[in-house]
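Chains A and B, in that order, give the protein sequences. Numbered according to my numbering, the first sequence terminates at residue 168, and the numbering increases by one at each position without gaps. Numbered according to my numbering, the second sequence terminates at residue 168, and the numbering increases by one at each position without gaps.
Protein chains: 2
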Amino acid sequence: MTLQLKGLLAGSDRPELGDACPIDRASSLVARRSTILLLREASYGTTRFDEFVTRTGLTESVTANQLRNLVSEGLLVKVPYQEPSQRQRFEYALTEAGHDLVPIVMALGEWGEKHRPRTNWLGLTHADCGARVHMALTCEAGHAVREPDVVVSLEHRQP
Amino acid sequence: MTLQLKGLLAGSDRPELGDACPIDRASSLVARRSTILLLREASYGTTRFDEFVTRTGLTESVTANQLRNLVSEGLLVKVPYQEPSQRQRFEYALTEAGHDLVPIVMALGEWGEKHRPRTNWLGLTHADCGARVHMALTCEAGHAVREPDVVVSLEHRQP
Numbered sequence: 010m011t012l013q014l015k016g017l018l019a020g021s022d023r024p025e026l027g028d029a030c031p032i033d034r035a036s037s038l039v040a041r042r043s044t045i046l047l048l049r050e051a052s053y054g055t056t057r058f059d060e061f062v063t064r065t066g067l068t069e070s071v072t073a074n075q076l077r078n079l080v081s082e083g084l085l086v087k088v089p090y091q092e093p094s095q096r097q098r099f100e101y102a103l104t105e106a107g108h109d110l111v112p113i114v115m116a117l118g119e120w121g122e123k124h125r126p127r128t129n130w131l132g133l134t135h136a137d138c139g140a141r142v143h144m145a146l147t148c149e150a151g152h153a154v155r156e157p158d159v160v161v162s163l164e165h166r167q168p
Numbered sequence: 010m011t012l013q014l015k016g017l018l019a020g021s022d023r024p025e026l027g028d029a030c031p032i033d034r035a036s037s038l039v040a041r042r043s044t045i046l047l048l049r050e051a052s053y054g055t056t057r058f059d060e061f062v063t064r065t066g067l068t069e070s071v072t073a074n075q076l077r078n079l080v081s082e083g084l085l086v087k088v089p090y091q092e093p094s095q096r097q098r099f100e101y102a103l104t105e106a107g108h109d110l111v112p113i114v115m116a117l118g119e120w121g122e123k124h125r126p127r128t129n130w131l132g133l134t135h136a137d138c139g140a141r142v143h144m145a146l147t148c149e150a151g152h153a154v155r156e157p158d159v160v161v162s163l164e165h166r167q168p
């Protein structure tokens with residue numbers, strides 16, 4: 010029971026998609042543990058370099074490189090701040106593109122909690138009503154959508 | 010406007026979470042482009058080694074190593090098959106843990122389509138009603154949940 014395929018995805022002789030596939034484009038960008046941990050921290054409200062280092066356990070060098078990369082990819086924005094009698098520093102905040110990855114990061118947490126449970130328990134709840142929050146595929150008509158009922162279509166964009 | 014934090018996540022002196030964080034546990038496993046491409050293909054119905062190689066563009070060696078890794082991590086299961094006058098071979102299918110990652114892979118596609126558009130267009134639709142499919146945070150009371158209304162709680166599991 011897999012997804013249903015249309016367009017360039019149909020047919021068993023389908024070639025490598027490479028850059029034609031937006032899943033590949035996204036994964037080339039985010040498929041790195043350090044990236045996911047920094048996005049997790051940004052979604053938790055961490056803004057400052059030293060806190061990113063402490064809370065992720067990444068080295069200063071990896072943190073600096075990956076923060077720079079996330080800024081250049083447009084997932085974080087760098088904002089100057091200055092405390093009294095200190096030199097100017099920068100803090101980091103999620104852009105819209107960065108915020109759009111937060112549900113994916115939370116869905117990884119939900120998956121980890123279900124399939125790799127340990128001594129700690131991670132729960133996502135809705136602040137307004139207290140009910141548990143899940144990541145789910147839903148359609149614009151409001152239906153919950155099961156995997157076999159998703160049609161994935163890849164097509165040449167109309168000019 | 011970030012997530013709301015509770016339990017071990019509350020407090021600005023919060024230390025590195027490391028293995029205590031299920032997001033980290035999941036990302037250590039899936040944060041690799043080759044893994045995401047192989048999961049994409051498995052969700053598209055690809056089962057055989059040669060097809061995984063052709064359709065992902067990964068080398069045979071990377072494909073073999075990563076398929077082995079996905080089997081040992083319990084995301085794929087290996088099933089023997091034999092065609093007439095051929096030696097026994099194996100095909101690969103998603104386990105429940107693997108299927109649970111498919112919405113995340115599709116959400117990466119949705120993100121890539123929105124934030125890294127190219128000449129091809131990826132669309133997800135609901136087979137039953139034709140409406141567009143999105144990945145969204147929803148609560149068990151049926152509300153669509155915005156990022157600032159998600160409470161993330163990490164706690165020691167009760168014995």
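Don't be surprised by glycine CBs; every beta carbon is placed ideally from N, CA and C.
Under the Cβ criterion of 9 Å, residue 72 of chain A is not counted among the residues facing chain B. In the same chain as residue 89 of chain B, and ignoring 5 residues on each side of it, the C-beta atoms closer than 6 Å to its own belong to 97 and 99, in chain order. Closest in alpha carbon position to residue 28 of chain B, among A/138, A/154, A/121 and A/18, is A/121.
For the C-beta of residue 40 of chain B, the chain A residues within less than 7 Å are, from N- to C-terminus, 40, 41, 42 and 45.
Using a 10 angstroms sphere on the CB of residue 138 of chain A, the tally of other CB atoms stays under 16, which defines it as exposed. Going by beta carbons, residue 142 of chain B and residue 135 of chain B fall inside the 9 Å limit.
Classified as buried, residue 107 of chain A has 16 or more neighbouring CB atoms from the shown chains inside 10 Å of its CB. The Cβ of residue 77 of chain B sits no closer than 9 Å to any Cβ of chain A.
Within chain B, no residue has its beta carbon less than 8 Å from that of residue 19 of chain A; the closest one is some 10 Å off. Taking C-beta separations shorter than 6 Å and ignoring five residues to either side along the sequence, the partners of residue 110 of chain A in its chain run 48, following chain order. Between the alpha carbons of residue 13 of chain A and residue 83 of chain A lies a gap of roughly 32 Å. Contacts between residue 87 of chain A and chain B, judged by CB atoms closer than 7 Å, are missing: the closest CB pair is about 17 Å apart. The continuous alpha helix (DSSP H) containing residue 63 of chain A extends over residues 58-65. Ranked by how close their Cα comes to the Cα of residue 17 of chain B, the residues A/80, A/69 and A/130 have A/130 in first place.
Of all residues in the stretch 80-107 of chain B, only 106 come within less than 7 Å of chain A when Cβ atoms are compared, listed by chain position. According to DSSP, residue 13 of chain A shares a beta bridge with A/160. When only Cα atoms are considered, residue 159 of chain B and residue 125 of chain A end up about 22 Å apart. Collapsing the DSSP output to three states places residue 145 of chain B in a strand. Residue 75 of chain B sits buried, since 16 or more C-beta atoms from the chains shown fall within 10 Å of its C-beta.
DSSP lists A/103 as the bridge partner or partners of residue 85 of chain A. For residue 128 of chain B, the nearest CB of chain A lies under 9 Å from its own CB, placing it at the interface with that chain. The beta carbon of residue 157 of chain A is closer than 8 Å to those of 10, 11, 12 and 13 in its chain, skipping five residues each way along the sequence.
Residue 134 of chain A is bridged by DSSP to A/141 and B/160.
DSSP places residue 152 of chain A outside both helix and strand once states are collapsed to three, so it counts as coil. Of the residues A/65, A/54 and A/69, the one whose Cα lies closest to the Cα of residue 85 of chain A is A/54.
Neighbours of residue 11 of chain A in chain B, taken as residues at a C-beta separation under 7 Å, are given in chain order as 52, 53 and 54. For residue 116 of chain A, same chain residues with a beta-carbon under 6 Å away, outside a window of 5 residues either side, are 144 in chain order. Taken atom to atom, the span from the alpha-carbon of residue 92 of chain B to that of residue 45 of chain B is near 29 Å.
Looking at B/78, B/56, B/133 and B/62, the one whose alpha-carbon comes closest to that of residue 162 of chain A is B/133. Annotation for residue 73 of chain A: no residue places its beta carbon closer than 7 Å to its own, counting only its chain and skipping 5 residues before and after.
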